[in-house]
Amino acid sequence: MNQKIVTRFAPSPTGYLHVGGLRTALYAYLVATKSQGDFILRIEDTDRERYVADGIQNILESLTWAHITPNQGVRLENGTIINSGPAGSYIQSERLPIYKKYVEELIAKSHAYYCFCTPERLEEVRNYQQEHKLPPGYDGHCLHLDPQEIENRIRANERHVVRLHMPDSGETKWDDVIRGEVSFKNSEVDDQVLLKSDGYPTYHLAVVVDDHEMNVTHVIRGEEWISSTPKHLKLYEYFGWTPPAFAHLPLLLNSDKSKLSKRQGDVAVLDYKTKGYLPEALINFVAFLGWNPGTEQELFTLNELVAIFSLAKVNKAGAVFNIEKLDWFNREYLKKLPPEDLVDYMLTYLPENYREVRDREFLLRLAPLLLERISKGSDLSEMYTAGELDFYFENPSYDASLLLWKKLSDTNESRELVKKHLSEIAKILMSEPHSNDPEKIKSYLWHYAETNGKGEVLWPLRVALSGKEKSPDPFVLIALLGQNESITRINSAIALL
RNA sequence: GGCCCUAUCGUCUAACGGUUAGGACGGAGGCUUUUCAAGCCUUAAAUCGGAGUUCGAUUCUCCGUAGGGUCACCA
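So for the first sequence, this note's numbering puts the first residue at 62; every next one is plus one.
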């Protein structure tokens, strides 16, 4: 691929970055990076009412966490927000004069016109159209205003907007990278507002002007933009610009197939971070929502995705965001974590004081045991809350009857038998010369268990060590706890019986 | 309602117009086993419906149906 591709991700800072946005950003990043082109981050903050103060921060944090980093426009460098590139500012609210200039050009060419209609009148028009089942859209009321009247009303400071003048015949079509040819009749496209009465551009104007000024070659965005693409195409035509390629991505869906929303689970990227999903897992998962490599490989690093990704293999139908599959990806990536990282990961989901109780060596042994039983960090927090983790850090307390294997009835004879086994095991553990050699100990214990009945020996031993009905096996626990602590726990069990 | 988009297992998806319609997640069963987890093996599960084109449609066309998107001085 020798064409240098320029893509952009252009969120508006109205809250948090959600996973759908993450996928859009990912695809745009992959396509640009693959061609060694530019991936721009632009902030579309032309709606002052929905503006959220730390919106930009949240977007950048989310992308940085996911390793999707723009090389132009707004980005994070050493924790501070920078905004730079050949096009000047990449925050639209700082580009107002540019939009104004282009709007004036459009008006001069009669491709746009002033409109003085009040919100109330527009509301009435809408209601009328709805009642009479007419196609919706602006009725052209201000299209043919007398130039002198326009001038007077503007001079009188009457509130006004500027609208795009769509032709009433013909059609607008384009060859969508993902969907093939899409076309709309011009008469069915609304005379969209381009410049609002507060002097800010609408999305439709700003996106076209900026994509052009920033040399964007591929517009990669969600399917919800399909129906406004004709307006954008008309603007390119009116300005005499070559339009970029358009790729409209399939939507991400809730399990009921509606557009992915907060109601049915987490949608914010940082929520997934908080829950303990690894960025590699989220990225890998989200990459597969609407795309596949055409092979049976499912695990890809970001760089591998860069190498193999292609818009040509993106499919058209919406994709349900299936958290179970995400969990699987996360488990796969958890398995790949180096031991030290695993400990740090585990520790962030356990109470502070837990790291004081045990030394690093112990935690290094513990982490794989725990991580094998969860999908994500928040599962650990839940296990802790449920009291399932305490025995790793302190002597467990439990009912003596738990020490009896299911095949033994709770009689004095049984208790004596268990007591005998535990005493024998304690002896084995205390005896030299196999101290501190888990493998040696295991072979001795295994031998004892095989000759005396595995269930009758191993079950009470495991319970003595864990105090739980379910836990890792006793050999693993002895290796984890060490000989001395194991003996202590066994003796406590004997005392219980 | 107008316009637009979409349609393969429950979910993500694969299949030059010719396959026993494949894989993954999840499910079920089994092996292993003192319990749990992991691992391994096995298994159930899909081409929305109807026409047409064709020797042959999951695949191409049309019509239905269903779902979704969009119809703001929001993006």
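Ideal Cβ positions, reconstructed from N, Cα and C, are used throughout, including at glycine. All values reported here derive from a predicted model rather than from experimental measurement.
*asked:* Looking at the secondary structure, which residues open and close the beta strand (DSSP E) in which LEU310 lies?
replied: The residue labelled residue 310 in the question sits at position 249 within the first sequence. Membership of LEU310 in the beta strand (DSSP E) is indicated by the continuous run 306 to 310.
*What residue does the beta strand (DSSP E) around THR233 start on, and which one ends it?*
By 1-based counting over the first sequence, the position of residue 233 is 172. From DSSP, the beta strand (DSSP E) with THR233 extends over 232 to 237.
*Please list, in chain order, all residues of the same chain as ALA556 whose beta carbon is under 6 Å from its beta carbon, the five residues on each side excluded.*
Position 495 of the first sequence, counted from the first residue, corresponds to residue 556. In its own chain, leaving out the 5 sequence neighbours on each side, no residue places its CB closer than 6 Å to the CB of ALA556.
*Is the beta carbon of PRO340 sitting closer than 8 Å to the one on ALA127?*
One-based indexing of the first sequence puts residue 340 at position 279. One-based indexing of the first sequence puts residue 127 at position 66. In contact: PRO340 and ALA127 (Cβ atoms closer than 8 Å).
*Would you tell me roughly how many angstroms separate the C-alpha atoms of LYS396 and THR233, rounded to the nearest one?*
Here the question's residue 396 lines up with position 335 in the first sequence. Here the question's residue 233 lines up with position 172 in the first sequence. Rounded to the nearest whole angstrom, the C-alpha separation of LYS396 and THR233 is 51 Å.
*asked:* Since TYR410 and SER439 should fall inside the 8 Å C-beta cutoff, what is the C-beta to C-beta distance between them, to a whole number of angstroms?
replied: Residue 410 sits at position 349 when you count from the first residue of the first sequence. Residue 439 sits at position 378 when you count from the first residue of the first sequence. Between SER439 and TYR410 the Cβ distance is about 7 Å, and since that is below 8 Å, they are a contact.
*Over what stretch of residues does the beta strand (DSSP E) that includes VAL223 continue unbroken?*
Within the first sequence, residue 223 is the residue found at index 162, counting from 1. Annotation: the continuous beta strand (DSSP E) that includes VAL223 extends over 222 to 225.
*asked:* Determine whether the beta carbon atoms of LYS292 and VAL250 lie at a separation below 8 Å.
replied: As a position in the first sequence, residue 292 is number 231, starting the count at 1. As a position in the first sequence, residue 250 is number 189, starting the count at 1. The beta carbons of LYS292 and VAL250 sit closer together than 8 Å.
*Which residues mark the beginning and the end of the beta strand (DSSP E) in which LYS467 is found?*
Translated into positions along the first sequence, residue 467 becomes position 406. Membership of LYS467 in any beta strand (DSSP E) is not indicated, and neither H nor E is assigned to it by DSSP.
*Short Cβ contact (8 Å threshold) for ALA428 with LEU463*: The residue labelled residue 428 in the question sits at position 367 within the first sequence. The residue labelled residue 463 in the question sits at position 402 within the first sequence. 8 Å or more divides the Cβ of ALA428 from the Cβ of LEU463.
*By the 10 Å Cβ neighbour count, where 16 or more other Cβ atoms means buried, how is ASN345 classified, buried or exposed?*
The residue given as residue 345 occupies position 284 in the first sequence. By the neighbour-count definition (other C-beta atoms within 10 Å, threshold 16), ASN345 is a buried residue.
*Are the beta-carbon atoms of ALA306 and GLY351 separated by less than 8 Å?*
Counting from 1 along the first sequence, the entry for residue 306 is found at position 245. Counting from 1 along the first sequence, the entry for residue 351 is found at position 290. It is not a contact, given that the beta carbons lie outside the stated cut-off.
_Exposed unless 16 or more other CB atoms sit within 10 angstroms - verdict on ASP259_ = To locate residue 259, count along the first sequence from 1; it is residue 198. The Cβ neighbour count for ASP259, taken over all protein chains shown within 10 Å, is under 16; the residue is labelled exposed.
*Could you please give me the residues that DSSP links to GLY241 through a beta bridge?*
As a working mapping, residue 241 is identified with position 180 in the first sequence. Paired residue(s): ASP237.
*Answer yes if the segment 477 to 484 comes into contact with the segment 516 to 525, meaning at least three C-beta pairs across the two stretches below 8 Å, and no otherwise.*
Touching, yes.
*For the segment 301 to 319 and the segment 222 to 240, state whether three or more C-beta atom pairs, one from each stretch, are separated by less than 8 Å.*
By the Cβ test, the segment 301 to 319 is in contact with the segment 222 to 240, since at least three Cβ pairs between them sit closer than 8 Å.
*Taking the C-alpha atoms as reference points, what is the distance between HIS273 and THR303?*
For the purposes of this step, residue 273 is taken as the residue at position 212 of the first sequence. For the purposes of this step, residue 303 is taken as the residue at position 242 of the first sequence. Taking the Cα positions, HIS273 is about 8 Å away from THR303.
*Quick one: is THR356 buried, meaning 16 or more other Cβ sit within 10 Å of its Cβ, or exposed?*
Counting from 1 along the first sequence, the entry for residue 356 is found at position 295. Exposed, by the Cβ-count rule.
*Are the beta-carbon atoms of ILE281 and VAL243 separated by less than 8 Å?*
Looking up residue 281 in the first sequence gives position 220. Looking up residue 243 in the first sequence gives position 182. Here ILE281 is not near VAL243, since their CB atoms are 8 Å or more apart.
*Beta-carbon proximity check, TYR160 vs LEU256, cutoff 8 Å*: Walking along the first sequence from the start, residue 160 turns up at place 99. Walking along the first sequence from the start, residue 256 turns up at place 195. Yes.
*Does the distance from the C-beta atom of LEU83 to that of VAL347 stay below 8 Å?*
Against the first sequence, residue 83 aligns to sequence position 22. Against the first sequence, residue 347 aligns to sequence position 286. VAL347 is positioned such that its CB atom lies closer than 8 Å to that of LEU83.
*So what's LYS292 in DSSP terms, helix, strand or just coil?*
For the purposes of this step, residue 292 is identified with residue 231 of the first sequence, where counting begins at 1. Helix, per DSSP.
*asked:* If contacts are defined as beta-carbon pairs under 8 Å, then TYR333 and LEU321 qualify, I think. What distance do you get, rounded to the angstrom?
replied: In the first sequence, the residue the question calls residue 333 occupies position 272. In the first sequence, the residue the question calls residue 321 occupies position 260. Cβ-Cβ separation between TYR333 and LEU321: approximately 13 Å, too far for a contact (criterion under 8 Å).
_Please classify GLN133 as buried or exposed, where buried requires at least 16 neighbouring CB atoms within 10 angstroms._
Along the first sequence, read from residue 1 onward, the residue named residue 133 stands at position 72. The residue is buried, with at least 16 neighbouring Cβ atoms inside 10 Å.
*Residue nearest to LEU542 in terms of C-alpha spacing, selected from HIS221, ASP498, LEU558, LYS467*: The residue labelled residue 542 in the question sits at position 481 within the first sequence. Ranking HIS221, ASP498, LEU558, LYS467 by Cα distance to LEU542 puts ASP498 first.
*Between which two residues does the alpha helix (DSSP H) containing SER484 stretch?*
On the first sequence, residue 484 is found 423 positions in, with the first residue counted as 1. It spans 473 to 491 - the alpha helix (DSSP H) in which SER484 sits, taken as one unbroken run.
*In the DSSP assignment, find the unbroken alpha helix (DSSP H) run with ASN545 in it and report its ends.*
Numbered from its first residue, the first sequence carries residue 545 at position 484. Run containing ASN545: 544 to 557, per the alpha helix (DSSP H) assignment.
*Measure the C-alpha to C-alpha separation of VAL367 and VAL375 and round it to an integer number of angstroms.*
Here residue 367 corresponds to residue number 306 of the first sequence, with the count starting at 1. Here residue 375 corresponds to residue number 314 of the first sequence, with the count starting at 1. Near 14 Å, if we compare the C-alpha coordinates of VAL375 and VAL367.
*On the three-state DSSP scale, how would you describe THR75?*
The residue labelled residue 75 in the question sits at position 14 within the first sequence. Here THR75 sits in coil by DSSP.
*For my contact list, LEU441 and LEU430 are in at a C-beta cut-off of 8 Å; report their separation, rounded to the angstrom.*
Residue mapping note: residue 441 aligns to position 380 of the first sequence, counting from 1. Residue mapping note: residue 430 aligns to position 369 of the first sequence, counting from 1. Not confirmed; about 12 Å, so no contact.
_Beta bridge counterpart(s) of TYR176 as assigned by DSSP_ = Numbered from its first residue, the first sequence carries residue 176 at position 115. Checking the displayed sequence, the identity of residue 176 turns out to be Cys instead of Tyr. Paired residue(s): VAL222.
_Ranges of the alpha helix (DSSP H) found wholly within the segment 345 to 426, counting only runs of at least 4_ = Counting only runs of 4+ residues, the alpha helix (DSSP H) found wholly inside the segment 345 to 426 occupies 363 to 369, 384 to 397, 400 to 408, 415 to 418, in chain order.
*In this structure, does DSSP put ALA540 in helix, strand or coil?*
The residue given as residue 540 occupies position 479 in the first sequence. ALA540: helix per DSSP, three-state reduction.
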